[in-house]
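Asker: Per our numbering, the very first residue in the sequence shown carries number 38; after that it's consecutive.
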Amino acid sequence: MLHGIIMTLFGLISLIGVVGYLLKNQSLIRGKKLSLFFFTFSHVCFLITGIMSWLTSVSPIVFISTVVLVFISRIINGLILYGKNNPRHYLVTGAILMLAFLLYLYCL
38 MLHGIIMTLF
48 GLISLIGVVG
58 YLLKNQSLIR
68 GKKLSLFFFT
78 FSHVCFLITG
88 IMSWLTSVSP
98 IVFISTVVLV
108 FISRIINGLI
118 LYGKNNPRHY
128 LVTGAILMLA
138 FLLYLYCL
């Protein structure tokens, strides 16, 4: 249950960031649009998995695949949209995802 709350909040905050980025940058080239679409898709999947975990037990394969999808999309997003990767950002993101994963394992 607690991992579902973390996942839902993380997904919502990330999607709010997408909306803010789109409002700030109206014209995007195709590569940036594809990167942002993949980022949005992965975080919507993460959000849905978080909401599903409130209601029912989520398969470990589904959980792990959404975590990996989110992490990959964040790396691609940093490289394509901003042209760099910030190691501290991935440390914080990895810590949040690891916390959700450990809580998920605890609730099994």
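Note that CB positions come from ideal geometry on N, CA and C, so glycine has one too.
Source: prediction; values computed, not measured.
Quick one: Cα of residue 114 to Cα of residue 65, how far?
Answerer: 13 Å
Asker: Around the Cβ of residue 74, are there at least 16 other Cβ atoms within 10 angstroms (buried) or fewer (exposed)?
Answerer: exposed
Asker: Verify whether the separation of the beta carbon atoms of residue 117 and residue 51 is less than 7 Å.
Answerer: no
Asker: Give the C-beta separation of residue 77 and residue 44 to the nearest angstrom, bearing in mind that I take them to be a contact with Cβ-Cβ under 8 Å.
Answerer: About 16 Å separates the two Cβ atoms, so there is no contact after all.
Asker: Quick one: complete alpha helix (DSSP H) runs, 4+ long, within the region 86 to 144?
Answerer: With a minimum length of 4 residues, the continuous alpha helix (DSSP H) runs that stay inside the region 86 to 144 are 97 to 118 and 124 to 144.
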